[in-house]
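Data block below; observations after.
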Amino acid sequence: MARHNRQAKGVDQHGDLWHISYQPDWIDRVKISRELPDGRRRSTVTLFKNGADRAEAEPGKVIRTRISAADGSAGFEVSLEDEESIVERIVVVTKRKRGRKEEEVHFVLHGDLEPPSENGR
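Here the sequence shown stands for residues 87 to 207, numbered as in my numbering.
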């Protein structure tokens with residue numbers, strides 16, 4: 087049986103705080119990526135890393151994750167049916183206002199936690 091979502095926080099490349107609601111038995115980490123000012127490269131950092139090495143239970147049939155900037159400038163929620171547990175990664179591309187400019191921000195939700203062991207731990 088799937089467990090309830092957990093709450094976490096993470097800080098991006100600019101020092102901005104993000105709130106993350108995640109499934110503890112699916113998500114391994116969340117990365118955030120954006121283009122550097124020169125336009126030729128991207129900066130990617132790990133926004134959140136699940137402290138568990140493996141899932142404690144089966145993740146369930148629906149993947150739910152919510153990420154929002156603490157300042158309210160951006161946010162989204164993903165709900166995805168995955169009845170056969172085949173989804174390994176979800177990529178979300180968003181727009182975020184930073185002052186007068188709008189930037190494209192990429193989030194990669196990695197769902198590659200090890201499955202639960204035979205005894206559930």
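Where is the CB? At the ideal position from N, CA and C, for every residue including glycine.
Just so you know, these numbers come straight off a predicted model, no measurement behind them.
Other residues of its chain near residue 152: CB distance less than 6 Å, five sequence neighbours each side excluded: 107, 163
Select from 169, 105, 122, 124 the residue whose C-alpha is nearest the C-alpha of residue 116. 105
Could you give the distance in angstroms between the alpha-carbon of residue 138 and the alpha-carbon of residue 128? 28 Å
Inter-residue Cα distance where the pair is residue 97 and residue 204: 35 Å
Have a look at residue 148 and residue 140 and give me their C-alpha separation to the nearest angstrom. 18 Å
Let's see if you can read the secondary structure: which residues bound the beta strand (DSSP E) around residue 152? 148-155
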